[in-house]
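Residue numbers (the UniProt record's numbering): 1 to 292. Ideal Cβ placement from N, Cα and C applies to all residues, glycine included. The block underneath contains the structure these notes are about, expressed in structure tokens.
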């Protein structure tokens, strides 16, 4: 009787020795990201920083992450080239984007803020990437400015699919604490069933980040944040000079009820319709009016 062959990976398994790993340019909760060279091109190498035993037990999850990521093909999604999996290490190889993270870019502009036109362009890129993911029934589950990268031309691409998964038809299958607290939707903070609308909520917080070049709730503990967001409807304070059309998008995205949030394809349309001519500089709070 002929033996049954193991199924082939749909993504490329890369031999570790063929990847030249260079300097670190980003660090995260589960490891670091290095600049590298593979097959004559610059790449980013995501090194898993967990122990050998942890990596061994999580190989199935890692393969699922790469399998999901490798199938994606969109100008606002970072391209996954392949992965290396050894007995004691695992790395995902992606295109290298020289602009760094959106979070770092916003920190650089914290004082002067960004022109509204730039905020709109970045937000549309971001929203189109998420809309594409949702059209493929994929929920990112950790949408934040740290997980978005910029290329050399300043175009935005979503990255890090470590906790992404295909949306379950039965919402009860999608529960639990997943993501980053300040960007989590109320239903996720409470470990209730959720769907792709959790990404929409997170995008709303990111949109505030982009307009204000800041991060919300900097000094709150997890328990304080959970209580305030879930039970007191806490949301970031929108600057008085923020255009009403942009503020409306933020508020709709971070609605407390998932059904009250728009689909990402509708968010794209709302953002594209914003008039950026003759607008005040972004991020100007009322008490900064003398300088804006």
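Contact belief for residue i with residue j at Cβ below 8 angstroms, rounded distance in angstroms
i: residue 213; j: residue 114; result: 6 angstroms
i: residue 294; j: residue 39; result: Absent from the structure is residue 294, since the part of the chain shown begins at 1 and ends at 292.
i: residue 233; j: residue 260; result: About 12 angstroms separates the two Cβ atoms, so there is no contact after all.
i: residue 216; j: residue 182; result: 6 angstroms
i: residue 270; j: residue 249; result: 5 angstroms
i: residue 210; j: residue 123; result: 6 angstroms
Residue i versus residue j - alpha carbon distance
i: residue 15; j: residue 84; result: 6 angstroms
i: residue 258; j: residue 133; result: 18 angstroms
i: residue 202; j: residue 147; result: 12 angstroms
i: residue 41; j: residue 142; result: 28 angstroms
i: residue 4; j: residue 197; result: Residue placement at residue 4 is flagged as unreliable, the pLDDT there being 43, under the threshold of 50; the coordinate-derived value follows with that caveat. Taking the straight line from one Cα to the other gives about 41 angstroms.
i: residue 219; j: residue 225; result: 9 angstroms
i: residue 69; j: residue 161; result: 7 angstroms
i: residue 66; j: residue 93; result: 9 angstroms
i: residue 254; j: residue 23; result: 38 angstroms
i: residue 2; j: residue 13; result: A caution first: residue 2 carries a pLDDT of 43, below 50, which makes its placement in the model too unreliable to give a value.
i: residue 184; j: residue 86; result: 33 angstroms
i: residue 156; j: residue 125; result: 6 angstroms
i: residue 82; j: residue 71; result: 11 angstroms
i: residue 268; j: residue 116; result: 16 angstroms
i: residue 139; j: residue 194; result: 10 angstroms
i: residue 136; j: residue 108; result: 34 angstroms
Helix, strand or coil at residue i [DSSP, three-state]
i: residue 109; result: coil
i: residue 140; result: coil
i: residue 242; result: coil
i: residue 94; result: strand
i: residue 129; result: helix
i: residue 260; result: helix
i: residue 218; result: coil
i: residue 122; result: helix
i: residue 69; result: helix
i: residue 184; result: coil
i: residue 228; result: helix
i: residue 265; result: helix
i: residue 273; result: coil
i: residue 74; result: coil
i: residue 255; result: coil
i: residue 234; result: coil
i: residue 189; result: helix
i: residue 63; result: helix
i: residue 114; result: coil
Residue i - partner residues in DSSP beta bridges
i: residue 38; result: 19, 41
i: residue 149; result: 101, 157
i: residue 80; result: 94
i: residue 210; result: In the DSSP output, where bridge partners are listed per residue, residue 210 has none listed.
i: residue 85; result: 90
i: residue 202; result: DSSP lists no partner for residue 202.
i: residue 13; result: 83
Spatial neighbours of residue i in its chain, beta-carbon cut-off 6 angstroms, leaving aside the 5 residues before and after
i: residue 79; result: 95
i: residue 158; result: 77, 129, 148
i: residue 297; result: This structure does not reach residue 297, given that the chain is present from 1 up to 292, and the question cannot be answered.
i: residue 285; result: Its pLDDT being 41, under 50, residue 285 is placed unreliably in this model, and the value from its coordinates should be taken loosely. Contacts found: 239.
i: residue 298; result: No information on residue 298 is available, as it lies outside the stretch 1 to 292 that the chain covers here.
i: residue 102; result: 145, 148
Contacting residues, own chain, Cβ-Cβ under 8 angstroms from residue i (five flanking each side not counted)
i: residue 47; result: 21, 31, 32, 33, 34, 89, 91
i: residue 19; result: 36, 37, 38, 43, 45, 84, 91, 93
i: residue 273; result: 245
i: residue 17; result: none
Other residues of its chain near residue i: CB distance less than 7 angstroms, five sequence neighbours each side excluded
i: residue 229; result: 186, 189
i: residue 180; result: 142, 144
i: residue 110; result: 213, 214
i: residue 120; result: 271, 274, 276
i: residue 204; result: 250, 253, 254
i: residue 227; result: none
i: residue 106; result: 145, 209, 210, 213
Residue i CB to nearest heavy atom of the ligand ZN below 8 angstroms
i: residue 272; result: Among the components modelled here there is no ligand, and therefore nothing to report on the ligand ZN.
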